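Visitor: Dropping a structure here in structure tokens format, bear with me for questions.
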Amino acid sequence: MKMLLLILKHFWVRTVQFKGSTNLQFCIAMILAGQAVSASQMIVEEALLKKRGYPPLQVVGLEGTFGIIIMCAIVLPAMYFIPGSQLNGSYENSLDALYQIKNDYKLAIFCLLYLLSIAFYNYFGLAVTKSLTAVHRTLIDACRTIVVWITGLVIYYFFDKSFGEEFDSTYGLLQIDGFLFLMIGTAMYNGLMPMPWFSCCREPTEELMTIQANDGNIQEDTSAENATEKTGLIRGQRKEPIYS
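Residue numbers for the sequence shown follow the working numbering, so the first one is 17 and each next one is one higher.
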């Protein structure tokens with residue numbers, strides 16, 4: 017679906033000459049459409065994991081299988097015949113990319129590492145969705161941008177200035193402020209930073225422990241299926257009882 021949006025955007029931009037605010041509005045609409053597709057994907061994944069009971073590894077395999085079929089049968093052939101600046105006048109020349117990978121072992125190694133990293137990333141993301149919810153996965157995934165930005169700065173200033181990212185003196189402080197708000201918001205939502213003095217952040221009193229009168233055994237409900245968007249990241253694993 018995302019690739020279909022990119023193809024439609026390419027044809028639309030080539031057909032219509034945008035000027036001024038019209039171009040900006042179209043780009044914003046495409047971004048919102050992409051976000052809607054990503055959100056829909058997470059909702060479907062959560063339904064498959066929790067309501068249907070599929071294991072995360074199986075869902076990753078299904079997504080990968082359908083992705084390969086759609087890419088090889090529809091997307092890549094369509095991108096090959098779309099006019100563009102690539103070799104042979106294509107928008108995306110997949111055959112040339114395969115030849116480059118074949119003739120350069122370093123490129124082949126990096127492609128293999130990329131495939132492995134994406135596979136593990138998707139699996140762990142679905143594992144978080146199954147154990148908690150898609151909302152928790154989204155909040156945790158948002159912090160990935162912070163790690164990427166810090167890694168780019170470290171590479172630039174401590175290893176090689178031809179790689180990484182230089183600290184922008186104009187917008188760098190704004191980036192830091194944004195990342196701080198992101199981290200604080202994520203920590204507050206997941207119950208890692210309790211703020212009881214704010215009524216909107218106050219944890220509601222709930223009975224998590226059931227004490228049986230006959231023998232005093234304590235039963236605890238920590239099932240992943242009972243996790244909701246209000247379940248804290250660490251709070252859901254807490255062992256001590258909370259009494260009203």
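From the three backbone atoms N, C-alpha and C, an ideal C-beta is built for every residue, glycine too. Computed from a predicted model, the values in this text were never measured in an experiment.
1) Could you name the residues of the same chain whose beta carbon sits closer than 7 Å to that of Leu65, not counting the 5 residues immediately before and after it, in chain order?
2) Below 8 Å on the Cβ atoms is my contact criterion, and I expect Ala150 with Glu61 to pass it. Report the Cβ-Cβ distance as a whole number of Å.
3) Per DSSP, what kind of secondary structure is Pro99 in: helix, strand or coil?
4) What are the residues that DSSP puts in a beta bridge with Ser106?
5) In whole angstroms, what separates the C-alpha of Ile156 from that of Leu48?
6) On the premise that Cys127 lies in contact with Ile117, defined as a C-beta separation below 8 Å, what is that separation, rounded to the nearest angstrom?
7) Are the CB atoms of Leu198 and Cys159 within a distance shorter than 8 Å?
8) Tell me where the alpha helix (DSSP H) around Ser13 begins and ends.
9) Taking DSSP as the reference, what is the three-state secondary structure of Pro212?
10) From the DSSP output, in three-state form, read off Arg153 for me.
11) Mapping the DSSP letters down to three states, classify Pro72 as helix, strand or coil.
12) Is the Cβ-Cβ distance between Met58 and Thr202 less than 8 Å?
13) Compare the C-alpha of Glu79 against each of Asn138, Pro210 and Phe183 and name the closest.
14) Distance, Cα to Cα, Tyr205 vs Ser56?
15) Along the chain, where does the alpha helix (DSSP H) that runs through Ala203 open and close?
16) With burial defined as no fewer than 16 other Cβ atoms inside 10 Å of the residue's Cβ, what is the status of Leu131: buried or exposed?
17) Suppose the cutoff is 8 Å on Cβ atoms and the five residues either side in sequence are ignored; what does the same chain contact list for Ile200 look like?
18) Quick one: does the C-beta of Ser54 sit closer than 7 Å to a heavy atom of the ligand NAP?
19) Is Tyr96 closer than 8 Å to Ser106 when the C-beta atoms are compared?
20) What does the Cβ neighbour count give for Asn109, buried or exposed, with the cut at 16 atoms within 10 Å?
21) Counting only the same chain and skipping the five closest in sequence on each side, list residues whose C-beta sits under 8 Å from that of Glu256.
22) Which residue marks the beginning of the alpha helix (DSSP H) containing Ile90, and which one marks its end?
23) Quick check on the burial criterion: 16 or more other C-beta atoms within 10 angstroms. Buried or exposed for Leu196?
24) Assign Phe82 to one of three DSSP states: helix, strand, or coil.
Guide: Considering the structure as presented:
1) Pro72, Val75, Leu142, Thr145 and Lys146
2) 7 Å
3) If DSSP states are grouped into helix, strand and coil, Pro99 belongs with the strands.
4) Pro99
5) 21 Å
6) The C-beta distance from Ile117 to Cys127 rounds to 6 Å, short enough to fall under 8 Å.
7) yes
8) The structure shown does not extend to residue 13, since the chain is modelled only from 17 through 260, so no value can be given for it.
9) In this structure, Pro212 counts as coil in the three-state DSSP scheme.
10) In the structure shown, Arg153 adopts helical secondary structure according to DSSP, grouped into three states.
11) helix
12) For Met58 and Thr202, no; Cβs fall outside 8 Å.
13) Asn138
14) 22 Å
15) Gly188 to Tyr205
16) By the 10 Å Cβ count, Leu131 comes out exposed.
17) Met209
18) The ligand NAP is absent from the structure shown, which contains no ligands of any kind.
19) yes
20) buried
21) In this predicted model, Glu256 has a pLDDT of only 44, less than 50, meaning its place in the structure is not dependable; the value taken from the coordinates is given anyway. Counting only Cβ-Cβ distances below 8 Å, and skipping sequence neighbours, we find nothing.
22) Counting along the chain, Ile90 falls outside any alpha helix (DSSP H), and DSSP gives it neither H nor E.
23) exposed
24) helix
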